[in-house]
Each structure stands twice: as structure tokens, then as C-alpha cells.
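Using UniProt numbering, you'd call the opening residue of the sequence shown number 1 and step up by one each time. Beta carbons: idealized from backbone N, C-alpha and C, even for Gly.
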Amino acid sequence: MSSSVASESGSTHEDQSDVIMETEDYTEEQQVSDQEMDEEENAEIDILEDKVEVLSGSSSDQTAMTFSLKNEDHTVGNSLRHMINKNPQVDFCGYSIPHPSEPKMHIRIQTSAKTTAVDAFRKGMVDLTDMCAHIRDAYEAELAKKEYTEFEELA
1 MSSSVASESG STHEDQSDVI METEDYTEEQ QVSDQEMDEE ENAEIDILED
51 KVEVLSGSSS DQTAMTFSLK NEDHTVGNSL RHMINKNPQV DFCGYSIPHP
101 SEPKMHIRIQ TSAKTTAVDA FRKGMVDLTD MCAHIRDAYE AELAKKEYTE
151 FEELA
């Protein structure tokens, strides 16, 4: 069987090698990105104006707001929703992707009178960032122990 024969999924072996090459390139780029993140680990969290937009509502109530996050999807949406809902001052938090072809996510937050939706959003972002940093640190500590089995790649 030649390398150009299609598999049951309709892709060819040549196509699969292209995907592998793209994955390897991405991994190298990702490693550089991870190094940059480590350098900026202690930097303050800034929300860019072009990343988050507060959608206007019918009232000026600061306890209920909808935020639009650009270039985000379910990965951030569900994680952020979970972290915000852990706040006891939050009555409701949910997210939606208005349309699959639009690169944006809406997150709705309703809080008690003791805090504002902006504060709950900010606290959720900080908590999510802290949790991710903790997971990364724990992973790197376990990886440094070298208590794993290395396998040779098959050609």
C-alpha cells in the first residue's frame, strides 16, 4: 500500500504527516510563548479595552451586567463562569457564544447589592489566573521529579 492511499476517514498518510509537522511547529512556538509567560508571571493582570466590552443594558444597575470577550470560546467561558459562580456574592453567572462564526463570548453576571458585576468579573479573572498558575507550578514540580517513563519514538 502506498503512502498516498486514503484511509477510511478520507485522509491520506501524506496529509497526516503534514498535520504532524504542523503540530511540531506549534509545539516549538508554544514553548517560546510559555517562556514569555514565565517572565511575566509576576506582572499585574490588565484587561485590555479591546478585549472586553461591557454591553449596554436597559438600566444603570451595577449589579447586573453583560460582558463581551473577544476571541474567546468555551474553554475560557466555562472556566470563568465556574470561578465567578464560586463567589458567594454572585446570584447568577452564565455565558453564551452568540454565533459559532463570531469570535466572541458573552458572560452575564448578576450580584447581590454588596458588590458590583465588574468587581465579581475582576475577582473571577484573578481567581482563574491564580488557579492556572497553581496547576502549572504543581505540574512543573511533579515533572521535575522525573518519576515517569520515557518512551522512544517509533519511526
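Report buried or exposed for residue i, applying the criterion of at least 16 other Cβ atoms within 10 angstroms of its Cβ.
| i | result |
| --- | --- |
| Met105 | buried |
| Gly124 | buried |
| Cys93 | buried |
| Val54 | exposed |
| Glu152 | exposed |
| Tyr139 | exposed |
| Asp137 | exposed |
Report, in whole angstroms, the separation of the C-beta atoms of residue i and residue j, which I expect to be a contact under 8 Å.
| i | j | result |
| --- | --- | --- |
| residue 162 | Gln62 | Because residue 162 is not part of the residues shown, which for the chain are 1 to 155, the question remains open. |
Distance check for residue j and residue i, CA to CA, integer angstroms please.
| i | j | result |
| --- | --- | --- |
| Ile97 | Ala144 | 39 Å |
| Gln110 | Asp127 | 18 Å |
| Ile84 | Lys146 | 36 Å |
| residue 158 | Ala155 | In the structure as shown, the chain begins at 1 and stops at 155. Residue 158 is therefore absent and cannot be evaluated. |
| Val90 | Asp119 | 10 Å |
| Met65 | His134 | 29 Å |
| His82 | Asn71 | 19 Å |
| Gly57 | Cys132 | 32 Å |
| Asp73 | Arg108 | 15 Å |
| Phe121 | Ala141 | 30 Å |
| Pro100 | Asp50 | 20 Å |
| Val76 | Val52 | 13 Å |
Taking the beta strand (DSSP E) that residue i falls in, what are its first and last residues?
| i | result |
| --- | --- |
| Gly94 | Val90 to Ser96 |
| Phe67 | Ala64 to Lys70 |
| Lys123 | Unbroken run through Lys123 is the alpha helix (DSSP H), Ala117 to Ala144; no beta strand (DSSP E). |
| His106 | Lys104 to Thr111 |
Establish whether the CB of residue i and some CB of chain D are separated by less than 9 Å.
| i | result |
| --- | --- |
| Ala138 | You won't find chain D in this structure, because it holds only one protein chain. |
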